[in-house]
Structure formats: structure tokens, C-alpha cells
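Here this note's numbering is used: the first residue of the sequence shown is 30, the next is one more, and so on.
Each residue gets a CB set at the ideal place from its N, CA and C atoms; glycine is no exception.
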Amino acid sequence: MKATNSKKLLLVSIVLLAAIGATTLRAQSALDGFDPNANGTIQVVVVQPDGKILIGGDFTTLAPNGGATVTRNRIARLNPDGTLDGSFNPNANGRVSSIAVQADGKILVGGAFNGVNSIGGQSRNRMARLEPVSGTADAFDPNANSFVFSIVVQPDGNILAGGDFTSIGGQNRNRIARLDAATGSADSFDPNANSTVNAVAVLADGSVVVGGLFTAVGGQTRNRIGRLDAATGAADSFNPNANSDVYSIVVQADGKILVGGSFTTIGGLIRNSIARLDAVTGATDSFNANANGDVFSIAVQPDGKILAGGNFTIIGGPTRNRIARLDPTTGLADSFNPDSNSLVFAVAVQQDGKILAGGGFTSIGGLTRNRIARLESDGRLDRTLDLNLVGSSVVATAIQPDGKIIIGG
Numbered sequence: 030m031k032a033t034n035s036k037k038l039l040l041v042s043i044v045l046l047a048a049i050g051a052t053t054l055r056a057q058s059a060l061d062g063f064d065p066n067a068n069g070t071i072q073v074v075v076v077q078p079d080g081k082i083l084i085g086g087d088f089t090t091l092a093p094n095g096g097a098t099v100t101r102n103r104i105a106r107l108n109p110d111g112t113l114d115g116s117f118n119p120n121a122n123g124r125v126s127s128i129a130v131q132a133d134g135k136i137l138v139g140g141a142f143n144g145v146n147s148i149g150g151q152s153r154n155r156m157a158r159l160e161p162v163s164g165t166a167d168a169f170d171p172n173a174n175s176f177v178f179s180i181v182v183q184p185d186g187n188i189l190a191g192g193d194f195t196s197i198g199g200q201n202r203n204r205i206a207r208l209d210a211a212t213g214s215a216d217s218f219d220p221n222a223n224s225t226v227n228a229v230a231v232l233a234d235g236s237v238v239v240g241g242l243f244t245a246v247g248g249q250t251r252n253r254i255g256r257l258d259a260a261t262g263a264a265d266s267f268n269p270n271a272n273s274d275v276y277s278i279v280v281q282a283d284g285k286i287l288v289g290g291s292f293t294t295i296g297g298l299i300r301n302s303i304a305r306l307d308a309v310t311g312a313t314d315s316f317n318a319n320a321n322g323d324v325f326s327i328a329v330q331p332d333g334k335i336l337a338g339g340n341f342t343i344i345g346g347p348t349r350n351r352i353a354r355l356d357p358t359t360g361l362a363d364s365f366n367p368d369s370n371s372l373v374f375a376v377a378v379q380q381d382g383k384i385l386a387g388g389g390f391t392s393i394g395g396l397t398r399n400r401i402a403r404l405e406s407d408g409r410l411d412r413t414l415d416l417n418l419v420g421s422s423v424v425a426t427a428i429q430p431d432g433k434i435i436i437g438g
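As C-alpha cells, this is what we get:
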């Protein structure tokens with residue numbers, strides 16, 4: 030099954046959230062009370078260093094933890110217990126699909142909002158930066174002419190943005206650009222992708238790996254994935270040449286690059302929906318999990334084993350319904366088999382080895398669990414977490430520093 034464009038956009042947020050880790054961990058139960066109760070889709074969840082939680086999406090109200098309904102248009106901040114931070118109210122007039130927090134605490138936001146008084150009390154087209162206390166928009170104004178789906182802050186503070194835009198930061202920039210952290214103006218980095226950029230990752234050497242729907246980027250033919258020079262945005266020799274869409278990019282500790290999507294060939298070999306690429310050449314290695322459906326999310330455990338979530342029913346050899354754990358050398362599935370009855374969009378690993386899964390399922394691990402569950406490392410359901418959510422899907426998960434779990438969907 031091919032994912033819709035909206036599903037692809039959600040995956041950008043999912044890939045970023047799956048990378049968030051915890052420093053300490055304690056068990057969470059359903060008695061925790063965290064229940065922001067949004068009336069529409071949550072597409073992105075980001076945990077601030079102080080433990081507060083930023084959420085963005087299509088919602089217009091929240092009713093936190095069973096309390097009164099409060100208007101919050103498409104972006105809000107929650108206290109760690111799930112109650113509303115009443116001082117923060119940017120009031121976006123269109124979807125918020127990406128959030129990133131700078132080192133100084135200011136909040137970068139991307140999405141579909143635009144026009145007069147569109148977010149933070151200012152006119153901002155599809156991208157803005159908000160003051161950390163009030164949510165008021167500051168002078169940063171890239172003025173993108175179409176959707177911004179992905180935002181990444183580089184180590185030097187400059188900002189990478191990916192999406193569907195053709196103009197941003199005062200320059201013609203097609204679907205990907207790098208913006209000055211102070212002014213929002215686009216610098217000389219100009220990869221010029223010819224279609225949507227869904228996923229952006231910065232490598233240790235500063236180069237940028239991008240994935241999406243494009244067939245040209247960085248001045249070269251690059252089908253759905255490419256690597257770009259950190260200064261100019263020119264594509265280097267890395268050319269995996271995927272034959273269909275890329276949804277997820279995760280860099281292993283050894284620098285090798287895991288890719289998930291809907292492709293059937295990549296890196297010069299047949300690889301169905303998941304592959305691992307050499308960091309230098311882009312060639313596919315021997316890892317071959319051979320999924321029979323899309324892979325939307327990938328996470329790597331501390332021991333190197335690879336978790337995959339998606340729409341498959343076979344992966345790594347045996348039947349594995351929508352979630353599996355794979356040997357990092359061969360790609361074979363191990364005994365971990367939670368057996369989800371519907372799509373898994375998000376997979377994250379806690380520091381204690383337990384695994385969070387989010388998606389559209391109503392049963393996983395042999396019991397009823399609506400859209401979110403926590404699994405033991407052997408795949409059994411963790412009985413301490415049963416939020417029994419009412420809704421359609423969970424599309425993002427993240428773990429706070431105190432070990433509590435943030436979910437959106």
C-alpha cells in the first residue's frame with residue numbers, strides 16, 4: 030500500500046521524535062493522568078529541556094486530563110503532567126507540522142499557517158520563531174511560499190528547512206534551504222530539489238542526507254535520496270537511487286545509513302522497503318529484511334538491533350504484523366513478535382530497553398491497546414502502560430528526561 034502525501038509528511042516528524050532518548054527512567058502507569066485530549070490530529074511532539082511539551086497539528090481545542098475545554102489553535106505547550114501552560118498561545122491559523130527548539134530556548138515552527146496574524150501575533154508564512162515564554166513571534170521571518178515539513182537546527186545554530194516551497198528566506202530555494210539563525214535569510218546552500226523533501230539528517234561531518242519524492246537534488250539526478258555538501262548543497266557521489274519514496278532516514282553509530290520507505294530497489298540491489306547503505310558510496314550492504322509493505326519508522330536499540338514499524342505483514346523472513354526487530358547483520362527477524370492489528374507509524378526505545386509503539390492499531394501484544402503501547406524487550410505487552418486512547422491514530426512518540434512518555438496522533 031502506498032502512503033498518502035499527508036502520511037508521508039507525518040513521517041518526517043516521526044523520524045525526528047524516534048531519535049529522542051531518556052537520561053533516566055521510571056515506570057509509567059495509566060494513573061499518571063497525562064491526557065491532553067486534543068480534538069484533532071497531533072503531528073509533532075517535542076520535549077523542551079525543562080520537561081515541558083510542545084505539540085503541533087490540526088487541533089483547535091484541548092481538554093487536558095479531563096478538565097475544561099480550552100481553545101488552542103494548532104500549537105500548544107503542556108506541563109509535564111499534561112496540563113496546559115496557559116502563558117503560551119501562538120494561535121496558528123493553519124497546520125503546524127514541524128517544531129524544533131534552539132539552544133537558547135526559542136521555538137522554530139513550520140507548517141501551513143500563513144497570512145495576517147497567522148502565528149504568534151504576527152504575519153508569518155509557513156515558518157516562524159517563537160519566544161519561549163509567551164509564544165510571540167520574533168523578527169525571524171523566512172516567508173516560505175509553501176509548506177515547511179521538516180526543520181533541523183545544525184550544531185552551528187543555522188537552520189535547515191525541507192518541504193514543498195520554492196521560495197524561502199528571500200531567495201528562490203526549491204524544497205530545501207539553510208537559513209541564517211538571526212535573520213531567517215537563505216544562504217548560498219541551494220540543493221534545488223525537484224519535488225518534496227520529507228526527511229533531513231545531518232551527518233557527523235556536516236554533510237546533509239535528504240529523502241523524499243524528488244528525482245533531482247544538488248545539481249544531480251538523485252532518486253528519492255541524496256547527500257549534500259555542507260557548504261554548497263551540491264550532491265556528492267553518494268547515489269543509492271531508490272525507485273520509490275523514502276520516508277525515514279536513521280544514521281547508525283557506525284555511520285551507516287538505514288532507510289525506510291516504499292522502494293523495491295536501492296543502492297544497486299533489490300531491497301523491499303528497508304535497506305542499509307554504506308556511508309561513503311551509498312551501496313546497499315548484506316542487510317536484507319525484505320518487507321512486503323511500507324516501512325514508516327526505524328529505531329536502533331543500544332545493542333544495535335533494528336526495530337521497524339510500518340504496513341508489512343512479513344519482514345526478516347517470518348510473519349511479523351507491522352512491527353518487528355531485526356538482526357543488524359542479516360536483517361532476519363528475531364522472536365520479538367507483538368503482532369499489531371494495524372499500522373505502526375512510530376517506534377522508540379526507552380533506556381531500560383522497553384519499546385514504545387504508536388500507530389492505528391487496537392490490538393498489540395495479544396491484548397487490546399488503542400494506538401499506543403509499551404512492549405517488553407521480548408515483545409510481551411507491558412501491563413503498566415494502558416492509556417486506552419480514543420481516536421484514530423498515534424503518529425509520534427517521545428520520551429522525556431524523567432522517563433514519562435509523550436504521544437501524539
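Item                                                                                                                                                                                             : Value
Looking at residue 237: is its Cβ nearer than 9 Å to the Cβ of residue 256?                                                                                                                      : yes
What residue from 127, 126, 210, 178 has the CA that sits closest to residue 167's CA?                                                                                                           : 210
Would you call the segment 84–100 in contact with the segment 155–166, where contact means no fewer than 3 C-beta pairs closer than 8 Å?                                                         : no
Using DSSP bridges, identify the partner residues of residue 343.                                                                                                                                : 348
Quick check on this structure: which residue in 383, 317, 369 has the alpha carbon closest to the alpha carbon of residue 332?                                                                   : 383
Work out the CA separation of residue 329 and residue 219 for me, nearest whole Å.                                                                                                               : 31 Å
Rounded to whole angstroms, what is the Cα-Cα separation between residue 149 and residue 120?                                                                                                    : 6 Å
Determine whether the beta carbon atoms of residue 355 and residue 362 lie at a separation below 9 Å.                                                                                            : yes
Here's the rule: buried if 16 or more other CB atoms are within 10 angstroms of the residue's CB, otherwise exposed. What is residue 396?                                                        : exposed
How is residue 236 classed by DSSP in three states: helix, strand or coil?                                                                                                                       : coil
Relative to the C-alpha of residue 337, which candidate in 314, 169, 139, 368 has its C-alpha closest?                                                                                           : 368
What do you get for residue 223, buried or exposed, if any count of 16 or more other CB atoms within 10 angstroms of its CB means buried?                                                        : exposed
Would residue 407 be called buried (16 or more neighbouring beta carbons within 10 Å of its own) or exposed?                                                                                     : exposed
Can you tell which of 307, 321, 322 has its C-alpha closest to the C-alpha of residue 315?                                                                                                       : 307
Once you ignore the five residues that flank residue 128 on each side, which residues in its own chain have a CB closer than 6 Å to its CB?                                                      : 73, 75, 83, 85, 138
What do you get for residue 68, buried or exposed, if any count of 16 or more other CB atoms within 10 angstroms of its CB means buried?                                                         : exposed
Between which two residues does the beta strand (DSSP E) harbouring residue 83 extend?                                                                                                           : 82–86
Under 6 Å Cβ to Cβ from residue 324, same chain only, skipping five residues before and after it: list those, please.                                                                            : 289, 302, 303, 337, 339
With a CB to CB cut of under 7 Å and the five nearest residues on each side skipped, what residues in its chain are close to residue 108?                                                        : 81, 114
Could you tell me if residue 252 is buried or exposed, where buried requires 16 or more neighbouring beta carbons within 10 angstroms of its beta carbon?                                        : buried
By alpha-carbon positions, which one of 130, 101, 243 ends up nearest to residue 123?                                                                                                            : 101
Identify, in the order they occur along the chain, each residue of the same chain with its Cβ nearer than 7 Å to the Cβ of residue 165, setting aside the five sequence neighbours on each side. : 149, 150, 159
When you compare the CB positions of residue 319 and residue 296, do they come within less than 9 Å of one another, or not?                                                                      : no
Going by beta-carbon coordinates alone, are residue 169 and residue 212 separated by less than 9 Å?                                                                                              : yes
Are the beta-carbon atoms belonging to residue 198 and residue 214 less than 9 Å from one another?                                                                                               : yes
Can you tell me whether DSSP reads residue 103 as helix, strand or coil?                                                                                                                         : coil
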